[in-house]
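A.B. asks: For what it's worth, our numbering labels the leading residue of the sequence shown as 1, then goes sequentially. Even for Gly, the Cβ is constructed at its ideal location relative to N, Cα and C.
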Amino acid sequence: MTLQPTCPCGSGSAYDACCGRLHRGAALAETAEQLMRARYAAYAVGDTDYVFRTWHPRTRPDDLTPEAGLTWTGLSIVGAGEDWVEFVASYERGGVPGELRERSRFERRAGRWVYVDGEVG
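(1) Does the pairing of the segment 62-71 with the segment 26-36 give three or more beta-carbon distances under 8 Å?
(2) To which residues of the same chain is Leu43 closer than 7 Å at the C-beta, ignoring the five residues directly before and after it?
(3) Under three-state DSSP, which class holds Arg102?
(4) So the alpha helix (DSSP H) Asp49 belongs to, where does it begin and stop?
(5) Go through its chain and collect everything with a Cβ distance to Thr59's Cβ below 7 Å, but skip five positions before and after it.
(6) Decide if the segment 75-85 is in contact with the segment 100-112; the criterion is three or more beta carbon pairs, one per stretch, under 8 Å apart.
Below, the structure written as structure tokens:
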């Protein structure tokens, strides 16, 4: 039996059974928090197409090229509500650790959750 990699979102589940199924389009996020976790995992595995598809068209940037030398290393959810998630995402850039803290806003659009924007702080 082959051991599957653990999902980067921090759930403890196998990637394919967790965020991988959302990235493949086999399922949609059921909550804002699930979408936020899936978007983090997409950044971590380099799936910028998923990040683009789940970003509200009104606020989405034209270019989502990943920053060179940046590796996402962990996710911690601080709090969540119906349409928001506050989190701390850990990373390393050039071997130097850092954190991104954000309170993200989400919206249901055509029956699916999308990221609108966030306050970094």
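C.D. replies: Walking through what the data contain:
(1) They do not touch, by the three-pair rule.
(2) Walking along the sequence shown from the start, residue 43 turns up at place 43. With the sequence shown as reference, residue 43 is identified as Tyr, and Leu is not the correct amino acid for it. Hits under 7 Å: Val51 and Trp72.
(3) By 1-based counting over the sequence shown, the position of residue 102 is 102. It is worth fixing the name first, because residue 102 is Glu in this sequence and not Arg. Three-state result, Glu102: strand.
(4) On the sequence shown, position 49 is the one that residue 49 refers to. Note, Asp49: alpha helix (DSSP H), Thr48 to Arg53.
(5) In the sequence shown, residue 59 corresponds to position 59, counting from 1. Val116 and Asp117, listed in sequence order.
(6) By the Cβ rule, the segment 75-85 counts as touching the segment 100-112, because three or more pairs are nearer than 8 Å.
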